[in-house]
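Everything in the sequence shown is counted per our numbering, starting at 3 for the first residue and increasing by one. All residues carry an ideal CB built from backbone N, CA and C; glycine is no exception. Values in this document were obtained by computation on a predicted structure and should not be read as measured data. Below: the structure, in structure tokens.
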Amino acid sequence: MTRVAPISSSKYKTNDKDSTHQEEDQEQFLLDETSHQQQKNGFYRSVRFCLILMLSTVILVSVAIITIVWASSFGVSLSQLTAQNRDHEFTKLQTHIFTTLDEIVQMAQTVNHLMRRNFDIRNFDLVSDWTYQLYKLESELRPDVAVTMYMGDIERNSVGIYVGEETFFFSMWDGINPRNETYLWKCNDFAKNEYCVRNSEPDEIDRRYGLSGIEWASARVGKTSFVPSYISYSIVFMTIVTSVPNATDPTQLASWFMYDLSVESFSTYLKEAIVHLTGSVAFVLETSTEYIIATSFPDIPVFEKINQYKYNRYKGSQFGEPTIKQVSNSIYDKYGKLTSIPCNEMASFPLDSNYVSLVRVCTAQDLDWTLILAVPQWFYLGQMIIAIVVALLLSVFIVSIGGISGAVFSVRIIKPFYDLVVMFASVANMDLDSIHVKNSFFSEVSTIQTSFVFLVERLRLYRAFLPPHLLQELDKKGVENLPTNEKHNDDQQSSNAELASRTSFMSKSSRPSRQVSKTEESMMSLKNTQSISKFDLGLECRDISILGFKFHLCENLNSNEIIQISSEVFTLLEQTTKTSKGQIGNFENGFITMSWNSASDCPSHISKALSTAETLIKKSEELKKRWSNRTIIFSTTIDSQKSMTGNVGTKNYKSFTIMGPINGNIQCMADLASRYEVSILVTKRVRDEIEKQYQNRFIANAELATFDKNNFVFGISYDKFGKDNVAVYEIGERNDVAMDEWMYELEAKEKKGKWIQYNKAVDLIGGSQFKEAVFELQDFSSKYPQDIPARELIDFCKHQVL
Numbered sequence: 003m004t005r006v007a008p009i010s011s012s013k014y015k016t017n018d019k020d021s022t023h024q025e026e027d028q029e030q031f032l033l034d035e036t037s038h039q040q041q042k043n044g045f046y047r048s049v050r051f052c053l054i055l056m057l058s059t060v061i062l063v064s065v066a067i068i069t070i071v072w073a074s075s076f077g078v079s080l081s082q083l084t085a086q087n088r089d090h091e092f093t094k095l096q097t098h099i100f101t102t103l104d105e106i107v108q109m110a111q112t113v114n115h116l117m118r119r120n121f122d123i124r125n126f127d128l129v130s131d132w133t134y135q136l137y138k139l140e141s142e143l144r145p146d147v148a149v150t151m152y153m154g155d156i157e158r159n160s161v162g163i164y165v166g167e168e169t170f171f172f173s174m175w176d177g178i179n180p181r182n183e184t185y186l187w188k189c190n191d192f193a194k195n196e197y198c199v200r201n202s203e204p205d206e207i208d209r210r211y212g213l214s215g216i217e218w219a220s221a222r223v224g225k226t227s228f229v230p231s232y233i234s235y236s237i238v239f240m241t242i243v244t245s246v247p248n249a250t251d252p253t254q255l256a257s258w259f260m261y262d263l264s265v266e267s268f269s270t271y272l273k274e275a276i277v278h279l280t281g282s283v284a285f286v287l288e289t290s291t292e293y294i295i296a297t298s299f300p301d302i303p304v305f306e307k308i309n310q311y312k313y314n315r316y317k318g319s320q321f322g323e324p325t326i327k328q329v330s331n332s333i334y335d336k337y338g339k340l341t342s343i344p345c346n347e348m349a350s351f352p353l354d355s356n357y358v359s360l361v362r363v364c365t366a367q368d369l370d371w372t373l374i375l376a377v378p379q380w381f382y383l384g385q386m387i388i389a390i391v392v393a394l395l396l397s398v399f400i401v402s403i404g405g406i407s408g409a410v411f412s413v414r415i416i417k418p419f420y421d422l423v424v425m426f427a428s429v430a431n432m433d434l435d436s437i438h439v440k441n442s443f444f445s446e447v448s449t450i451q452t453s454f455v456f457l458v459e460r461l462r463l464y465r466a467f468l469p470p471h472l473l474q475e476l477d478k479k480g481v482e483n484l485p486t487n488e489k490h491n492d493d494q495q496s497s498n499a500e501l502a503s504r505t506s507f508m509s510k511s512s513r514p515s516r517q518v519s520k521t522e523e524s525m526m527s528l529k530n531t532q533s534i535s536k537f538d539l540g541l542e543c544r545d546i547s548i549l550g551f552k553f554h555l556c557e558n559l560n561s562n563e564i565i566q567i568s569s570e571v572f573t574l575l576e577q578t579t580k581t582s583k584g585q586i587g588n589f590e591n592g593f594i595t596m597s598w599n600s601a602s603d604c605p606s607h608i609s610k611a612l613s614t615a616e617t618l619i620k621k622s623e624e625l626k627k628r629w630s631n632r633t634i635i636f637s638t639t640i641d642s643q644k645s646m647t648g649n650v651g652t653k654n655y656k657s658f659t660i661m662g663p664i665n666g667n668i669q670c671m672a673d674l675a676s677r678y679e680v681s682i683l684v685t686k687r688v689r690d691e692i693e694k695q696y697q698n699r700f701i702a703n704a705e706l707a708t709f710d711k712n713n714f715v716f717g718i719s720y721d722k723f724g725k726d727n728v729a730v731y732e733i734g735e736r737n738d739v740a741m742d743e744w745m746y747e748l749e750a751k752e753k754k755g756k757w758i759q760y761n762k763a764v765d766l767i768g769g770s771q772f773k774e775a776v777f778e779l780q781d782f783s784s785k786y787p788q789d790i791p792a793r794e795l796i797d798f799c800k801h802q803v804l
């Protein structure tokens with residue numbers, strides 16, 4: 003090759019060198035400045051950060067505006083709704099109590115009207131029947147209210163009825179009983195009879211009852227009126243009385259009707275009605291006396307018993323419940339007295355920590371009660387607070403979801419550009435084989451990718467013309483020069499570190515366009531380090547167990563049937579080896595091997611191999627049933643010994659192999675199993691390992707090869723291995739089979755005892771007692787005529803005797 007020298011003076015040469023150095027310095031300075039700016043600004047100037055910030059800001063502002071709007075409007079609506087709910091609850095209490103009393107008033111006025119129409123108050127039987135019928139009707143309508151009902155005249159002749167534990171009819175009637183006594187009769191079957199079915203003689207005689215209501219009625223002739231409440235027999239009563247004036251003198255009574263009511267049912271109702279208003283109290287006061295009539299605490303007494311006939315009644319400020327006491331005192335402070343409250347006007351106002359609703363009910367029947375309901379302010383404000391807290395939590399949740407969605411969308415949007423960066427890095431490193439282009443949703447990115455693929459194909463064409471040794475030299479120099487470029491300026495160490503980090507990142511990320519974090523990269527590196535030994539070339543000596551599974555089709559089958567049966571067999575093998583962590587080997591002519599502890603550590607590999615064989619035989623019986631029209635024979639053989647295992651081949655092609663005589667032993671044992679029609683055949687070593695767990699019996703001595711690590715020769719045929727006479731055994735039932743029912747236990751015992759006589763004969767053969775052994779074996783064969791090992795031993799013993 004002819005060398006061409008540039009025509010120039012030394013002056014021009016010096017200027018060219020200086021300009022080259024200046025251009026390199028300027029280029030390096032720009033690179034360092036760019037790296038420094040990128041390190042300084044970092045993530046906060048990335049497109050990803052801007053997208054996340056934009057989406058999060060839009061969502062946050064939207065949620066804030068919506069929250070302000072709904073909170074301002076919802077607050078007013080909630081306040082109005084709260085007042086409506088509070089009034090509704092209070093009206094419900096008022097309606098129930100005073101509607102009940104109105105119905106009682108209507109009943110009394112009806113009685114008053116009937117007593118004015120040709121009613122003979124002096125007719126004892128008529129008055130008795132009326133009283134009984136009225137009380138029965140009232141007890142059906144208001145059983146919790148009705149206590150006593152009686153009727154009489156101005157001369158205090160009266161009859162009455164009340165129901166306690168028993169129903170009593172009483173009389174204070176001249177001509178029936180003395181005036182200073184009260185006769186009482188028990189009424190039988192009160193609910194069934196239309197009149198009091200009683201004895202002729204009184205069941206009890208008591209003192210004459212006081213009729214204080216007559217004085218109250220005398221002052222209100224012709225009216226229906228409520229008597230002030232009182233206590234009798236530890237019960238708070240109120241009485242409604244109605245009277246009929248004398249026909250000749252309207253200012254005097256002719257007859258009267260009284261009805262004693264219990265107010266305990268009102269307390270029970272108040273408790274049930276406000277149970278959902280947590281912390282609330284409701285109570286009724288008698289306005290004139292300020293005594294408590296009923297409260298929402300029916301278990302707390304409203305009086306103190308001094309003796310049998312004297313009681314000290316409580317006012318609201320004396321009640322045993324703190325909230326009622328506090329509310330009562332606050333109402334007294336506000337109004338002074340209850341009589342200062344306007345009649346029949348509902349009032350609602352905040353008082354201390356409660357919202358109080360009250361009404362003083364005044365009626366034409368002299369009923370003057372004050373109903374009070376106190377609900378904690380927090381009960382209604384708490385709902386508003388809960389709503390606001392829930393709204394704030396939902397706002398935070400929405401903002402969080404928005405931020406996460408923004409991050410996800412930003413990653414999805416930016417990922418194609420990162421893939422492009424990775425592909426450019428691969429081109430810069432001339433790693434063209436690792437470039438994989440993924441289709442993008444964005445048309446602009448797709449256009450860039452198309453152009454980039456065209457560029458890569460051109461580069462591959464150009465690179466193909468370069469000699470291999472030049473490519474290797476260039477790639478080597480590129481790697482060696484990378485640290486030199488990064489160490490150009492000591493003053494820019496931080497920016498150079500950032501450049502090196504980015505370069506390394508792009509180099510590592512050139513694999514299938516995937517961004518790998520440092521954590522993921524570390525985990526991948528750890529996994530590769532841990533599992534690399536499994537893929538290395540090499541052999542090691544391991545103690546392994548191999549199971550040979552053979553199935554023989556005794557008939558000519560077409561290819562479809564063979565494929566179907568083979569598929570079922572392989573499904574069975576896959577299921578059993580998956581649970582025992584066995585490794586399936588090669589399949590050839592209906593024979594397949596499975597190994598344990600060959601590729602990875604497997605404790606108790608002998609037991610696992612045997613349990614797998616047991617499962618295979620059981621499942622094979624099910625397969626036989628499905629193919630009952632075909633004759634299929636299954637057998638398994640197990641051997642365990644040391645062998646050389648590992649990977650052989652090249653870096654690009656590897657094959658796992660087991661070297662040693664164990665595979666030949668398994669083949670030899672498989673022939674014995676077929677000959678003796680044995681399902682599970684194992685060597686003496688395997689049998690010694692599981693002797694206590696399974697029933698077993700000696701089958702024969704087989705010439706099996708042994709493995710010697712020190713004298714192992716690669717490639718030697720099975721016939722060249724040294725062989726020993728090794729006893730092989732058939733494996734039967736487990737010894738630990740447990741049955742619940744006696745019939746199954748008996749069946750299990752029979753199976754376990756099947757080979758006792760056979761094994762006894764084997765022991766006799768071992769002691770050279772062949773005649774005795776023949777006797778035992780013939781007896782055994784008579785029970786099991788199809789047993790081939792027994793027949794073989796009989797022939798052996800007879801030959802020895804001869």
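Counting the other Cβ atoms within 10 Å of the Cβ of D641 gives 16 or more, which makes it buried. The alpha-carbon separation between V246 and M117 amounts to approximately 7 Å.
In this structure A707 touches N667 by the C-beta definition: roughly 6 Å separates them, less than 8 Å. By the Cβ neighbour-count rule, L574 is buried, with 16 or more other Cβ atoms within 10 Å of its own. Collapsing the DSSP output to three states places N761 in a helix. Take the alpha-carbon of I308 and the one of N314: they are about 7 Å apart. Look at T372 here: in three-state DSSP terms it is strand. Counting only residues of its own chain and dropping the five nearest sequence neighbours on each side, I54 has a CB closer than 6 Å to the CB of G408, A409 and S412. For M671, the enclosing alpha helix (DSSP H) begins and ends at I664 to Y678. Assignment of alpha helix (DSSP H) within the region 297-381, counting only whole runs of 4 or more residues, yields 324-337 in chain order. Within 10 angstroms of the beta-carbon of G162 lie 16 or more other beta-carbons, which makes it buried.
Between F321 and V361, the alpha-carbon positions lie close to 20 Å from each other. The DSSP-derived three-state label of M56 is helix. Shortest Cα-Cα distance from C189 to any of G540, F126, V447 and S202 involves S202. Note on Y696: 16 or more other CB atoms within 10 angstroms of its CB, so buried under the neighbour-count rule. Here L272 is not near F381, since their CB atoms are 8 Å or more apart.
Bounds of any alpha helix (DSSP H) do not take in L213, whose DSSP letter is neither H nor E. Listed as beta-bridge partners of Y152 by DSSP are G162 and M260. In this structure, Y211 and A110 do not form a Cβ contact; the two beta carbons are roughly 20 Å apart against a cut-off of 8 Å.
Contact between A221 and L255 does not hold, since the beta-carbon distance rounds to 10 Å and is not under 8 Å. Y293 places its beta carbon 8 Å or farther from that of K327.
Counting only the Cα atoms, I608 lies some 17 Å from M671.
At least 8 Å separates the beta-carbon of Q802 from that of F777. One alpha carbon belongs to I416, the other to S582, and they sit about 47 Å apart. Residue pairing by DSSP puts I586 in a beta bridge opposite M596.
In this structure I701 touches V680 by the C-beta definition: roughly 6 Å separates them, less than 8 Å. Between the alpha carbons of E266 and E217 lies a distance of about 26 Å. Three or more beta-carbon pairs separated by less than 8 Å link the region 587-607 to the region 540-555, which places the two stretches in contact. The residues S359, in chain order, have a CB closer than 6 Å to that of S350 in the same chain once the five nearest residues on each side in sequence are set aside. Taking T112 as the centre and dropping the five residues before and after it, the same chain places no C-beta closer than 7 Å to its C-beta. Straight-line measurement puts the Cα of M386 at about 19 Å from the Cα of V65. Straight across, the Cα-Cα distance linking H554 with N562 is about 16 Å. When the beta-carbon positions are compared, I594 and G587 come within less than 8 Å of each other. Within 10 angstroms of the beta-carbon of L618 lie 16 or more other beta-carbons, which makes it buried. Per the C-alpha coordinates, the member of K138, V147 and F172 positioned closest to D191 is K138.
Annotation note: the region 228-276 contains the following uninterrupted beta strand (DSSP E) runs of length 3 or greater, listed N- to C-terminal: 237-247 and 255-264.
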